[in-house]
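Q: Residue numbers (numbering that gives the first Met the number 0): 0 to 405.
Backbone N, C-alpha and C fix where the C-beta goes; we use that ideal spot for every residue, glycine too.
A single structure is presented below for examination.
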Amino acid sequence: MPRAAQVVFRLAPRFGRDRSGYRGEAGLAKGRADDDGAPVKKKIIENHPMPNPPTSSTDRLFRAEIQAMQPYVPGEQPQGGKFIKLNTNENPYPPSPRVITAIQEAAASRLERYPDPLGTAFRVRAAEILGVEPDWILCGNGSDDILTILTRAFVGQGEKLRLPYPSYILYRTLSQLQGAGYEEVHFQPDFTLGARFGEQSDGLRLVFLPNPNSPSGTMIEPAEIAKLGERLDCPLLVDEAYVDFAATHCIELVKQNPRIMVSRTLSKSYGLAGLRFGFLVAQPPVIAMLRKVKDSYNCDALSLAGATAAIDDQGWLQDNRQRIIATRQRMTSRLRELGFTLTDSQANFVWCTHHDRPVQPLFESLKKDRVLVRYMNYPGWGDGLRISVGTDDQADACLTLLEKYL
């Protein structure tokens, strides 16, 4: 079981040269919890991965931090053969027909011109739906682009960001690209957050909070996030990539606190993972500053057209949401009958462990039978299977195989 309120501090290595090559900088690492659950910081020495010695003349051209980084590994995307894909939290259903029509119309006209750099049409429609003004919205090339813009804007070299653990590992990568550090604060065993997550610390410039979280699918209630935002002196980004499958959201908090921001994506609930479009909701002075940081034309004409058509079709979204939630509930019940332990997910996936069976062999067996799920092993926490919600037929195929293996 994971330890409650554990916090891990890591500094992106700053490299200097000595006679033996590169030298890493020691950082801060694990802490322990005191009697009331609040972590007591403890300095220990932690060795950081050293970059491999350059093996070619081109290796020497790269920053030492880049040489030391482990690349982000996305979920498997098979390019040949027939698989049931339940490993990357994609929507199993095609997007609204309006999206296809809008993209075709955009492709037939004005591709020789640059797109609208601010995505005005999308911002106007999204603002109407969300109850804000268009100048509260910043468009991005997927929500990962939004995360990158925020990290560039707020976190300087030698400073740090904070994230919960386990969660989206791209947050770490973004800090490393900045030459910055990161703090990982462990979730409690029930995937709630202890008081430590809301404490200010030296050099802390940005906090990422995925809500719902991946891999657990669990949520922190908006009232608790509002308290976090009041305690922190730095910006708090609530990453709502999966929020359309949840019961609540944090848009109202953005209106109440200028340090709270919300990011969203159209990859999951709108079935547009292949299009790459996301957006940020923040107060207008924040958006105005972030425009300085984004790429000049970070969203292309086809994605802007498709995204605008998608968010305009709220009827399609609600129908799709209900289908996904119904299948999620059925998967959850059946997996529990098979002996799995599941968190109560508010996303389009479920996180499961098994009380008396290792889950990695189950992952491998499913793959042999051409069903892809995500096996995840988090050091200091444990492993599990994250299974995306597919169509009813896809879910049944996965559940039938698991029943056979067990």
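1. Considering only residues of the same chain and omitting the five flanking positions on each side of L265, which have a CB-CB separation below 6 Å?
2. Could you name the residues that DSSP lists as bridge partners for P163?
3. Quick check: the Cα distance between Y71 and I145, rounded to an integer number of angstroms?
4. Buried or exposed: which applies to A287, given that a residue is buried once 16 or more other Cβ atoms fall within 10 Å of its Cβ?
5. Taking DSSP as the reference, what is the three-state secondary structure of W350?
6. If we ignore side chains and look at the alpha-carbon of each, how far apart do A4 and V349 end up?
7. Would you tell me roughly how many angstroms separate the C-alpha atoms of A194 and Y164, rounded to the nearest one?
8. DSSP beta-bridge partners for M417?
9. Curious, which full-length beta strand (DSSP E) runs of at least 3 residues does the segment 107-152 contain?
10. Assuming R356 contacts L398 under a Cβ cut-off of 8 Å, what Cβ separation, rounded to an integer in Å, is found between them?
11. In the DSSP output, which residue or residues are listed as bridge partners for G381?
12. In terms of residue numbering, what span does the beta strand (DSSP E) encompassing R204 cover?
13. With DSSP run on the structure shown, which of helix, strand or coil describes I386?
14. Excluding sequence positions up to five away, which residues of its chain have a Cβ less than 7 Å from the Cβ of L129?
15. Where does A246 land, buried or exposed, given buried means 16+ other C-beta within 10 angstroms?
16. Determine the direct distance from the alpha carbon of R333 to that of D391, and round the result to whole angstroms.
17. Between the segment 83-91 and the segment 362-375, do at least 3 Cβ pairs fall closer than 8 Å?
18. From P114 to L341, what does the alpha carbon distance come to, in whole angstroms?
19. For the alpha helix (DSSP H) that F362 lies in, which residues bound it at each end?
A: The short version:
1. Translated into positions along the sequence shown, residue 265 becomes position 266. In its chain, beyond the 5 residues on either side, L271, F276, A306 and A309 have a beta carbon closer than 6 Å to the beta carbon of L265.
2. Residue numbering aside, residue 163 sits at position 164 when the sequence shown is read from its first letter. Paired residue(s): V184.
3. Locating residue 71 in the sequence shown gives position 72, counting from the first residue. Locating residue 145 in the sequence shown gives position 146, counting from the first residue. When only Cα atoms are considered, Y71 and I145 end up about 17 Å apart.
4. Looking up residue 287 in the sequence shown gives position 288. Per the 10 Å Cβ criterion, exposed.
5. For this step, residue 350 is matched to residue 351 along the sequence shown. Here W350 sits in strand by DSSP.
6. Walking along the sequence shown from the start, residue 4 turns up at place 5. Walking along the sequence shown from the start, residue 349 turns up at place 350. At A4 the pLDDT is 49, less than 50, meaning the model places this residue with poor confidence; the figure from the coordinates comes in the next sentence. Straight-line spacing of the CA atoms in A4 and V349 works out to 23 Å.
7. Position 195 of the sequence shown holds residue 194. Position 165 of the sequence shown holds residue 164. Approximately 14 Å between the Cα atoms of the pair.
8. Since the displayed the chain opens at 0 and closes at 405, residue 417 lies outside it and no answer follows.
9. Runs found: 136-139.
10. To locate residue 356, count along the sequence shown from 1; it is residue 357. To locate residue 398, count along the sequence shown from 1; it is residue 399. Contact flag wrong, Cβ pair sits at about 15 Å.
11. Counting from one through the sequence shown, the residue named residue 381 turns up at place 382. BP columns for G381 point to Y377.
12. Taking the sequence shown and counting its residues from 1, the one referred to as residue 204 is at position 205. R204 -> beta strand (DSSP E) spans L203 to P209.
13. Here residue 386 refers to the residue found at position 387 when the sequence shown is read from its first residue. Correct three-state label for I386: strand.
14. Numbered from 1 along the sequence shown, position 130 holds the residue referred to as residue 129. Contacts found: I250 and V280.
15. Position 247 of the sequence shown, counting from 1, holds the residue named residue 246. A246 should be labelled exposed.
16. As a working mapping, residue 391 is identified with position 392 in the sequence shown. As a working mapping, residue 333 is identified with position 334 in the sequence shown. If you take the alpha carbons of D391 and R333, they lie about 13 Å apart.
17. The segment 83-91 and the segment 362-375 touch, with no fewer than 3 CB-CB distances between them shorter than 8 Å.
18. As a position in the sequence shown, residue 114 is number 115, starting the count at 1. As a position in the sequence shown, residue 341 is number 342, starting the count at 1. Roughly 44 Å between the two C-alpha positions.
19. In the sequence shown, counting from the first residue as 1, residue 362 sits at position 363. Q359 to K367 is the extent of the alpha helix (DSSP H) around F362.
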